[in-house]
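Taken in order, these protein sequences are the chains called X and V.
All you need for the numbering used here is the position in the first sequence, starting with 1, plus 3.
All you need for the numbering used here is the position in the second sequence, starting with 1, plus 3.
Before any comments, here is the structure.
Number of protein chains: 2
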Amino acid sequence: MPRRDQHVSLAHGNGGRLMRELIEELFAPALENPLLDTRADAVAVPTPQDLELVVTTDGFTVQPLEFPGGNIGSLAVHGTVNDLAVCGALPHYLTVSTFLEEGLEIEVLRRAIAALAAAARACGVAVVAGDTKVLGRGDCDGIYLAATGLGFRPRGLRLALAEVRAGDRILVSGPVGDHGAAVLLARQEFGLRGDLKSDAASVLPEAQALLRVPGLRFMRDPTRGGLATVAHELARASGLRVQLAESSIPVNDAVQSVCELLGYDPLYLACEGRVVAVVAPESCPAALGELRKVAPGAALIGELQAGSAQVVLETSFGGQRVLDELEDDPLPRIC
Amino acid sequence: MPRRDQHVSLAHGNGGRLMRELIEELFAPALENPLLDTRADAVAVPTPQDLELVVTTDGFTVQPLEFPGGNIGSLAVHGTVNDLAVCGALPHYLTVSTFLEEGLEIEVLRRAIAALAAAARACGVAVVAGDTKVLGRGDCDGIYLAATGLGFRPRGLRLALAEVRAGDRILVSGPVGDHGAAVLLARQEFGLRGDLKSDAASVLPEAQALLRVPGLRFMRDPTRGGLATVAHELARASGLRVQLAESSIPVNDAVQSVCELLGYDPLYLACEGRVVAVVAPESCPAALGELRKVAPGAALIGELQAGSAQVVLETSFGGQRVLDELEDDPLPRIC
């Protein structure tokens with residue numbers, strides 16, 4: 004018996020036997036759950052009564068596909084779950100659309116799907132629908148994923164950019180930039196080595212801890228564009244000045260070193276397992292207390308102030324530096 | 004003032020200013036609806052009471068991006084809406100994840116999103132969440148889309164492969180293979196010209212018409228792998244023989260000609276605007292009557308018979324031919 008080819012072929016995407024076998028032998032066993040029916044065009048899913056349905060979608064193109072702390076499969080789950088978590092929802096269902104390059108090792112795909120399945124299980128979400136397309140060599144670079152997450156949250160939750168006020172405090176759940184720095188290092192383009200690990204993880208514990216605090220106004224996970232970009236979104240939406248204190252912003256030493264070597268600013272590097280939260284000033288001690296129960300590295304890093312809409316960093320030397328919106332710097336395929 | 008570059012750059016995916024402008028100036032105005040909030044990580048959407056939530060997802064990589072009868076944007080809507088429609092659901096919400104190649108003309112993207120928006124409006128669905136990633140030149144071929152559709156249907160609807168029985172009749176809503184043949188021709192690889200048009204369209208009217216018939220067992224849109232692949236799915240799931248009558252299967256003359264020239268079988272070519280339906284024998288006249296009110300080209304094309312699980316075509320010459328499951332034939336990027 005000839006050993007079957009262990010690479011993805013164009014016929015794995017044609018709707019016929021090879022595609023069915025790929026789905027039945029690789030995807031279905033890994034993702035198995037009572038709702039998933041790989042033979043159905045669409046599936047019905049239960050909706051808890053008295054809760055609000057919340058929807059998000061995200062594409063994943065990280066390069067390399069596997070990096071210290073995760074791979075594209077686990078990243079797709081964490082990225083999608085986190086968008087629901089910061090909106091105050093508990094994630095329930097995921098859909099996953101997969102784009103594969105002809106010639107990809109099936110084993111690499113298997114590891115990505117295994118990590119995706121493990122992360123989904125750990126987050127309590129079921130993958131309920133999927134799709135697979137195969138692109139010719141050179142029309143895709145390995146694996147791209149698109150995930151949509153469905154979650155449920157209490158009705159009437161007021162958690163939005165529009166809720167932030169002057170005087171509100173800004174918290175972050177841990178050191179920033181680990182994901183971006185770890186992925187940049189893993190590309191090995193720079194001849195650098197290090198034991199940097201991505202922070203990619205579910206922020207459900209952090210988000211649920213913060214939701215217990217009455218003065219919570221807004222949460223966001225600082226992914227592409229990093230903490231500085233969330234700060235800009237806050238300034239733009241509120242018309243307020245976002246004042247950050249450099250000395251209070253946690254940055255791991257290894258991340259700082261990589262940034263200095265490569266000329267990046269950790270405040271613009273992606274996190275995939277952190278939350279930025281805005282809380283009413285009187286709620287700040289309680290919020291920080293709750294957050295530190297699940298994220299010991301959490302810190303108060305700044306506040307919103309009356310003034311023009313800009314982001315200002317009080318540097319460690321006591322100066323003031325305006326943080327610009329991220330411009331042409333490409334930083335492709337960080338997530 | 005320098006004229007802005009009219010091509011997608013890597014910085015359009017970095018989370019910063021260019022990405023925000025692309026979303027605010029191109030995506031948001033085209034897709035505008037009361038639920039879409041391009042500044043939110045996730046959005047809450049209303050869920051009708053007493054209905055069942057139905058979910059589907061699909062990737063789109065069609066090549067060329069624009070073809071007679073549609074483009075990748077309208078195709079993404081029709082493909083996703085149709086998966087909900089054949090499950091008996093009315094589509095309500097869509098999420099769209101976009102993968103763009105560096106160097107893509109912004110104008111091509113604008114046309115794709117305009118067609119997507121128009122198709123969504125025509126189908127009564129709101130795009131409620133989106134995401135955009137940019138890949139380097141050669142890591143993507145123009146535009147890939149992943150869409151997830153959410154719809155609602157009456158609870159307790161019994162519509163599944165498991166419902167089909169020996170004696171059930173098989174209907175198709177119109178000529179098969181138009182989409183596949185039109186896309187193959189549009190590639191201009193073969194030096195052929197013709198006025199073939201894709202059948203890509205919503206099958207909501209057809210599906211809703213069939214749902215009025217009590218004996219409806221199952222519906223599916225024959226996309227990748229075509230009618231023959233749906234027949235195989237029926238045979239495999241039911242353990243029954245699927246008997247099709249070649250002379251009853253509608254195939255447009257132009258599609259037949261292209262297939263003969265290029266060596267394809269129209270029964271394996273993708274449709275993007277047809278429905279295959281299985282109905283109880285006593286319901287067949289009513290089903291065909293309802294279907295023909297919205298799809299005059301609908302036809303009774305075969306039945307399920309006791310016997311081994313295979314697909315058999317009674318040819319126009321009176322012979323019997325076993326239709327194999329689609330094998331290695333690649334047919335990439337047909338949808």
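Glycine included, each C-beta is placed from N, C-alpha and C at the ideal position.
Can you say whether residue i is buried or exposed, counting buried as having 16 or more other CB atoms within 10 angstroms of its CB?
i: V/A165; result: exposed
i: V/N17; result: buried
i: X/G127; result: exposed
i: V/D144; result: buried
i: V/V325; result: exposed
i: V/Q323; result: exposed
i: X/E285; result: exposed
i: X/K296; result: exposed
i: X/A309; result: exposed
i: X/Q9; result: exposed
i: V/G73; result: buried
i: X/E27; result: exposed
i: X/G159; result: exposed
i: V/E328; result: buried
i: X/P318; result: Checking the displayed sequence, the identity of residue 318 of chain X turns out to be Thr instead of Pro. Exposed, by the Cβ-count rule.
i: X/E55; result: buried
i: V/R156; result: buried
i: V/Q66; result: buried
i: V/F320; result: exposed
i: V/P5; result: At V/P5, the pLDDT of 44 sits below 50, so the modelled position is not reliable and the matter cannot be decided from this model.
i: V/S205; result: buried
Answer with yes or no whether the minimum CB distance from residue i to chain X is below 8 Å.
i: V/P333; result: yes
i: V/P126; result: Residue identity differs from the one stated: residue 126 of chain V is Cys in this sequence, not Pro. Not closer than 8 Å to any Cβ of chain X, the Cβ of V/C126 fails to qualify, so no.
i: V/A31; result: no
i: V/R168; result: no
i: V/D202; result: no
i: V/V186; result: no
i: V/R227; result: yes
i: V/Y267; result: no
i: V/V48; result: yes
i: V/V58; result: yes
i: V/R3; result: The shown model of chain V, from 4 to 338, leaves out residue 3 of chain V, and the question about it has no answer.
i: V/D86; result: yes
Any Cβ of chain V within less than 8 Å of the Cβ of residue i?
i: X/R220; result: no
i: X/S176; result: no
i: X/A14; result: yes
i: X/P5; result: Residue confidence for X/P5 is low, a pLDDT of 45 falling below 50, so the modelled location carries little weight and cannot support an answer.
i: X/E27; result: no
i: X/V282; result: no
i: X/E236; result: yes
i: X/G19; result: yes
i: X/R223; result: yes
Would you kindly report the start and end of the unbroken beta strand (DSSP E) that includes residue i?
i: X/S241; result: Run containing X/S241: none in the beta strand (DSSP E); it sits in the alpha helix (DSSP H), 229–241.
i: X/T226; result: Element bounds for X/T226: n/a, residue is neither H nor E.
i: X/L87; result: Looking at the DSSP string, X/L87 is not in any beta strand (DSSP E); the run it does join, the alpha helix (DSSP H), is 75–88.
i: V/E55; result: 54–63
i: X/L316; result: 314–317
i: X/R244; result: 244–248
i: X/K136; result: 129–138
Just checking residue i against the ligand MN - is the residue's beta carbon closer than 7 Å to any of the ligand's heavy atoms?
i: X/P51; result: With respect to the ligand MN, the structure shown offers nothing to examine, as it has no ligands at all.
May I ask which residues mark the beginning and end of the alpha helix (DSSP H) holding residue i?
i: V/I116; result: 109–126
i: V/V261; result: 256–265
i: V/H182; result: 181–189
i: X/Q211; result: 207–214
i: V/P71; result: Unbroken run through V/P71: none, as it is neither H nor E.
i: X/V297; result: 287–297
Whether or not the segment 276–287 of chain X and the segment 129–144 of chain X are in contact is what I'm after, with contact meaning three or more pairs of Cβ atoms, one per stretch, closer than 8 Å; do they touch? The answer is no - the segment 276–287 of chain X does not touch the segment 129–144 of chain X, with fewer than three Cβ pairs under 8 Å.
Report yes or no: do three or more beta-carbon pairs, one from the segment 20–33 of chain V and one from the segment 109–126 of chain V, lie closer than 8 Å? Remark: three or more beta-carbon pairs, one from each stretch, lie closer than 8 Å, so the segment 20–33 of chain V and the segment 109–126 of chain V are flagged as touching.
Using a Cβ-Cβ cut-off of less than 7 Å, give me the residues of the segment 129–144 of chain X that come near chain V, in sequence order. If the cut-off is 7 Å between Cβ atoms, the segment 129–144 of chain X has V131, A132, G133, D134, K136, V137, L138, G139, G141, D142, C143, D144 near chain V.
Is the segment 179–199 of chain X in contact with the segment 226–245 of chain X, if contact means three or more CB pairs nearer than 8 Å? Yes: the two stretches touch, three or more of their Cβ pairs being nearer than 8 Å.
Using a Cβ-Cβ cut-off of less than 9 Å, list which residues of the segment 240–257 of chain X approach chain V; keep chain order. Answer in chain order: A240.
Looking at chain V, which residues of the segment 90–102 of chain X have a Cβ within less than 8 Å of any of its Cβ atoms? Flagged, chain order: C90, A92, Y96, T98, V99, S100, T101, F102.
Check whether the segment 128–137 of chain X and the segment 93–113 of chain X are in contact - that is, three or more C-beta pairs closer than 8 Å. Touching, yes, given that three or more Cβ pairs across the two stretches are closer than 8 Å.
Interface positions of the segment 61–75 of chain V facing chain X (Cβ-Cβ less than 9 Å), listed along the chain: Correct list: D61, G62, F63, T64, Q66.
Residues from the segment 293–317 of chain X in contact with chain V, defined by Cβ distance under 7 Å: For the segment 293–317 of chain X, the beta-carbon criterion of a distance under 7 Å to any beta-carbon of chain V is satisfied by none of its residues.
Three or more C-beta pairs below 8 Å linking the segment 40–59 of chain X and the segment 168–178 of chain X: As far as the Cβ criterion goes, the segment 40–59 of chain X does not touch the segment 168–178 of chain X, which means the pair count is below three.
Is it the case that the segment 68–86 of chain V contacts the segment 63–80 of chain X, given that we only count it when at least three CB pairs across the two stretches are under 8 Å? As far as the Cβ criterion goes, the segment 63–80 of chain X does not touch the segment 68–86 of chain V, which means the pair count is below three.
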